[in-house]
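>
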Amino acid sequence: MLRVENLAAGYERGVPIVRGASIEVAPGEVVAILGPNGAGKSTLIRSIAGLVPKFSGRVMLDGLDISGLPAHQVVRHGLAFVPQTENVFGGMTVSDNFALAAAVMPTRERHARIAEMYAFFPGLEERRALLAGRLSGGERQMLAVARALMVRPKLLVLDEASAGLSPKMVGTVFEQLKAIRATGVTILLVEQNVRAALGLSDRAYVLAEGKNRHAGTAAELWNDTAIADLYFGGIAEREALA
Amino acid sequence: MNLQFIVDGLFAGAMIGLGAIGVTLTYSILRFANFAHGEFIAWGAYAALTLTGLIGFLVGHDIAPLGPFSFGWPLLAAGIIAMALTGLLALALDVILFSRLRARGNAIIMVMASFGASLALRSLLEFIFTDEPQYFSREIQIAIPLGGGMRLTPDQLLLFGLAAVLVIAMFLVMSRTTIGRSMRAVSENPTLASVVGVDVERVIRATWLLGGALACAAGIMVGITVQVRPYMGFDLLLPLFAAAILGGIGSMPGAVAGGLIVGLAEAAAVPLVGAGYRGAVAFAVLIAVLIVKPTGLFGLRE
Amino acid sequence: MTFDLLAYAAFFLTNALIFGIICLGLNLQWGQTGLFNVGIAGFVAIGAYTSALLTTPDAPGRFGGFGMPIVVGWLAAALVTGILALVIGALTLRLRSDYLAITTFGVAIAIQLTALNFQRLTGGPFGIAFIPRPFASLQGNALAFDVANFVLVAAVTLIVFVGLERLVRGPWGRVLRSIREDETAAAAIGKNARVYRLQAFVLGSAVMGLAGAVQGHFIGFIAPDNYLSTITFQVWVMLIVGGAGNNRGALLGAVFVWGLWSGSSALTATIFPPDQQARAASLQIVLIGVLLAFILVVRPRGLLAEPATVSRFVGRKSKHEPKIQG
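Protein chains in written order, with this note's numbering: chain A, 3 to 244; chain B, -7 to 294; chain C, 554 to 879.
(1) Smallest Cα separation from V159 (chain A): which of A:G166, A:G140, A:L167 and A:S203?
(2) What does DSSP give as the partner residue(s) for R205 (chain A) in the beta ladder?
(3) Please confirm if G812 (chain C) has its CB atom under 8 Å from at least one CB of chain B.
(4) Report the partner residues of D778 (chain C) according to the DSSP bridge assignment.
(5) For the structure I just gave you, are there three or more beta carbon pairs, one from the segment 792 to 806 of chain C and one from the segment 662 to 675 of chain C, closer than 8 Å?
(6) For N670 (chain C), decide whether its Cβ has a neighbour in chain B, counting only Cβ atoms nearer than 8 Å.
(7) Using DSSP with H/G/I as helix, E/B as strand and the rest coil, what is T188 (chain A)?
(8) Would N(-6) (chain B) be called buried (16 or more neighbouring beta carbons within 10 Å of its own) or exposed?
(9) Can you find a CB in chain B that lies within less than 8 Å of the CB of L691 (chain C)?
(10) Verify the CB distance criterion: does H216 (chain A) have a CB-CB separation below 8 Å to chain B?
(11) Whose Cβ in chain B lies nearer than 9 Å to the Cβ of S650 (chain C)?
(12) Let me know if F556 (chain C) comes out buried or exposed under the rule of 16 or more other beta-carbons within 10 Å of its beta-carbon.
(13) V33 (chain A) and R205 (chain A): beta carbons closer than 8 Å?
(14) What is the rounded straight-line gap between the Cα of V660 (chain C) and the Cα of G620 (chain C)?
(15) By DSSP, does T567 (chain C) sit in helix, in strand, or in coil?
(16) Apart from the five residues on each side of it in sequence, which residues of its chain come closer than 6 Å, Cβ to Cβ, to T219 (chain A)?
(17) Between the Cα of N99 (chain A) and those of B:P286, B:M175 and B:A257, spot the shortest distance and give me the residue it belongs to.
(18) Checking contacts by CB at 8 Å: is E294 (chain B) closer than that to chain A?
(19) I'd like the span of the alpha helix (DSSP H) that includes P724 (chain C), first residue to last.
(20) Nearest CA to the CA of G225 (chain B): which residue from B:F24, B:T183 and B:Y38?
(21) In angstroms with no decimal places, state the Cα-to-Cα distance between T287 (chain B) and I241 (chain B).
(22) Among the residues of its own chain, which have a CB less than 6 Å from the CB of I116 (chain A), if the five just before and after it don't count?
(23) Could you tell me the distance, in whole angstroms, from the CA atom of G5 (chain B) to the CA atom of R23 (chain B)?
(24) Count the other C-beta atoms from every protein chain shown that fall within 10 angstroms of the C-beta of I160 (chain B), then say buried if there are 16 or more, exposed otherwise.
(25) Would you say V106 (chain A) faces chain B, with C-beta separation under 8 Å as the test?
(26) Which same chain residues end up closer than 7 Å to G879 (chain C) when comparing Cβ atoms and leaving out the 5 residues on each side of it in sequence?
(27) Based on the DSSP output, what are the partners of M62 (chain A) in its beta bridges?
(28) If you count every other CB in all the chains shown that lies within 10 Å of the CB of A84 (chain B), and 16 or more means buried, which is it?
(29) So, V208 (chain A) versus R197 (chain A), is the Cβ gap smaller than 8 Å?
(30) Among A:L71, A:E222 and A:E127, which residue has its Cα nearest to the Cα of G189 (chain B)?
(31) Can you pull the chain A neighbours of L176 (chain B), defined as C-beta to C-beta under 9 Å?
(32) Rounded C-beta distance between G11 (chain B) and G255 (chain B)? I'm assuming under 8 Å.
(33) Mind pulling the alpha helix (DSSP H) runs of 4 or more residues that sit fully within the segment 135 to 218 of chain B?
(34) Hey, could you find the ends of the beta strand (DSSP E) S24 (chain A) is sitting in?
(35) At least one CB of chain B closer than 8 Å to the CB of A51 (chain A): is that the case?
(36) Can you check DSSP and say which residues form a bridge with V14 (chain A)?
In structure tokens, the structure reads:
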């Protein structure tokens, strides 16, 4: 479904943050992108979403080259992106956030789709008249995900969905993602929370310094001592944390 | 105490408010203070004036004014066309000038450019029409007494009503339509807006069109009740900014409220300090807002 | 004939250098410190009126008539303008930059309105006349008068230039530029950005006030109409054409644009019939406005641009002003 071929990207010409990364995501999969801080994971998926300029390489979505598309058209091709921070419109109500997201869909489908999203995310409906900025962190994250799902995306891309959330909230969010996956949506996520990420994903890539470093199935990477060293200081230390 | 200033103030405030809506929209969506906004007001008035004359010429004979008002249907038709044309003028200015500077992300350069554009536009009006004041009509209007020493001309009443209609229409657009939500979204977070599927370029175009059209309406109001001259927009610039900042940048209700307050303040001050200092009242309001609460009445963010 | 030409050249350059002094003041505020002053005309007016009020003989119905020496007038002009700038700056420099633009714009309007209306202080629309001119005794001889005044103004310009150059190339100037480029970095090294900005604003405004006084005495007569926003605009064009951030560029820009302005004035005067002169003047302004916009788009750093002193890769100024990707 998604193929990223040797992508170089960055905010300023001549200063590439992503220096040749390649990713593949098959339909129905959940794929994670891991790596240390500054590895360029966030820049990579923001570039895929159309927010960061690409210097070379390309991004193919279902056989279509979306490398040159601006963000507002990328979403219309079925790729919905949930940024890490500022991912809802705090100054607008929940229902306005929903209405805006649904505007991408054909008019006759909007009303029904919004109703579906309220059903999928109970708790948001009762808060529909509330300003999104007044929601709790977890509720805001749910709104952000709901907003992305509104357009019936083929591919859902999330940037550190667990950031800033309590361990319990992280669990809830990832349960939601599991349910979303069950509806047939393909998921690509960038994550710092390795445990949660590998618990949900089928496969994962590890990025470092803007390039691919490791790749494999979730199980492979979980048992990989190099990864454990990188993130936890060793497999024993990791288990001690559990 | 003569309460006439309330009528005058609210009327002036309505004109300022219409202009301030455009200023606050431009400020919050395009993120710079557009010093050329006053010229949209002036160009709008001159466009309406010219078109009215043109329609009268094409029709071939004098057209009587409608009812108690000082103008007839040619002005109404001309007004609508002028609003569209002024919206296009604003858009054209963006295409020619502002869009080329936007990519640099430097608001100050854009303000500077708007200052230059404002001077050029104003002087162009002066060149074409000279600085002689012009009038939509020479009809004298009989004012209707309202009680309390207040009087209102039929023109003022109608125009105030039309202004109210425009403001209500804008509210509905901003709160219930997709383009309105998109504009609010871009005003808050342009990056997220594009992620959600909003075409930011389209929102920018809409902002210029709406701002220009509203400015034209304000200009026609001023033109009918006072006069039309090249500096009419520039003279309103400081009150416009004061109103927008008082109301809180990005807030449309704020712009309207701010406009009414500035209008009332100016009208109330004239009996006290004389008409000559009228322009300084807006400045005083501005300073007061910046000292007490820079984010304004309904200010959302700093 | 040559004498006439020389006299005119001296006259021309004197006017150009007066604008040059204003540009030096603006360069300190904008070029070095990044402050956006759209009320230049107001500060120039304050300086002119201060000096005029202190040095002119008594006039009926109007405050003033102290008959002080020209030098006192000029120094007082700089001082008073500086004080006014201190008050305004203290109120507004902490706000975002375009609020400063709007506020200074309002200041200039308020000042112009006061000059126009406060007849007992400023002479109202009639202005103030009989301002003592330097080398007044030479007024009979155009060449001698113009050259003497030119030398005087050139000397003042030189003093201001050298003074500002030293400040700007010294440690104070370095701090200013670091604040301009990246405020958070400047804060990190413990420099109170606000104090430095205020100093630059006050000093720059004082220089503008001085220029206003010099101009008032050169012409011998001032009126509120001299201080419209056209001046503000002319000075900005001069600074941008010459290259913001650069004192030499400021002076060069002033002379160049003044030449352009005078040249186009002369041209329109010959092309247009006398009764159309006002319209011709408007056209001239249109062209200059278009010129400014054109330069901003094509070459905003001007003819003699100053390179950024902090690497452009270190943070982005647009942190404070979110970019719109067009």
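Idealized CB from N, CA, C, for every residue including glycine.
Working from what's here:
(1) The shortest CA-to-CA distance from V159 (chain A) to any of A:G166, A:G140, A:L167 and A:S203 is the one to A:S203.
(2) According to DSSP, R205 (chain A) bridges with A:V33 and A:T219.
(3) Answer no: the Cβ-Cβ gap between G812 (chain C) and chain B never drops below 8 Å.
(4) Note: D778 (chain C) is not bridge-paired with any residue in the DSSP secondary-structure output.
(5) As far as the Cβ criterion goes, the segment 792 to 806 of chain C does not touch the segment 662 to 675 of chain C, which means the pair count is below three.
(6) With 8 Å as the cut-off, N670 (chain C) counts as an interface residue toward chain B.
(7) For T188 (chain A), the three-state secondary structure derived from DSSP is strand.
(8) Answer is exposed; the Cβ neighbour count stays below 16.
(9) So, not an interface residue.
(10) Taking Cβ atoms only, chain B never reaches closer than 8 Å to H216 (chain A), which makes this a no.
(11) In chain order: A99, I100 and V103.
(12) Exposed, by the Cβ-count rule.
(13) For V33 (chain A) and R205 (chain A), yes; Cβs fall inside 8 Å.
(14) Roughly 28 Å between the two C-alpha positions.
(15) Note: T567 (chain C) maps to helix in three-state DSSP.
(16) Only R205 meet the Cβ criterion.
(17) Out of B:P286, B:M175 and B:A257, B:M175 has the C-alpha closest to the C-alpha of N99 (chain A).
(18) Because E294 (chain B) sits at a pLDDT of 41, beneath the cut-off of 50, its placement in the model cannot be relied upon, and the following sentence gives the value as read from the coordinates. The C-beta of E294 (chain B) comes no closer than 8 Å to any C-beta of chain A.
(19) P724 to E734 is the extent of the alpha helix (DSSP H) around P724 (chain C).
(20) Of the candidates B:F24, B:T183 and B:Y38, the one whose C-alpha sits nearest the C-alpha of G225 (chain B) is B:Y38.
(21) Taking the straight line joining both Cα atoms gives about 7 Å.
(22) Only F100 and A104 meet the Cβ criterion.
(23) Rounded to whole angstroms, G5 (chain B) to R23 (chain B) spans 24 Å at the Cα level.
(24) I160 (chain B) is exposed by the Cβ-count criterion.
(25) Chain B, which has a Cβ nearer than 8 Å to the Cβ of V106 (chain A), makes this yes.
(26) Note that G879 (chain C) has pLDDT 32, beneath the 50 cutoff, so the model's placement of it is unreliable and no number is given.
(27) A:R5 and A:D67.
(28) Its Cβ having fewer than 16 others within 10 Å, A84 (chain B) is exposed.
(29) No, the Cβ-Cβ distance between V208 (chain A) and R197 (chain A) is not below 8 Å.
(30) Looking only at A:L71, A:E222 and A:E127, the smallest Cα-Cα distance to G189 (chain B) is reached by A:L71.
(31) First, the amino acid is wrong: residue 176 (chain B) is Arg here, not Leu. Under the 9 Å cutoff, chain A gives F91, G93, M94, D98 and L102.
(32) In fact, because the Cβ distance is near 11 Å, the residues do not count as touching under 8 Å.
(33) Every alpha helix (DSSP H) stretch that sits fully inside the segment 135 to 218 of chain B and reaches 4 residues is listed by chain position as 146 to 168, 170 to 180, 182 to 187 and 192 to 217.
(34) S24 (chain A) -> beta strand (DSSP E) spans V20 to V27.
(35) Chain B places a beta carbon closer than 8 Å to that of A51 (chain A), counting this residue as a contact.
(36) At residue 14 (chain A) the sequence reads Glu, which differs from the Val that was named. DSSP lists A:V17 as partners of E14 (chain A).
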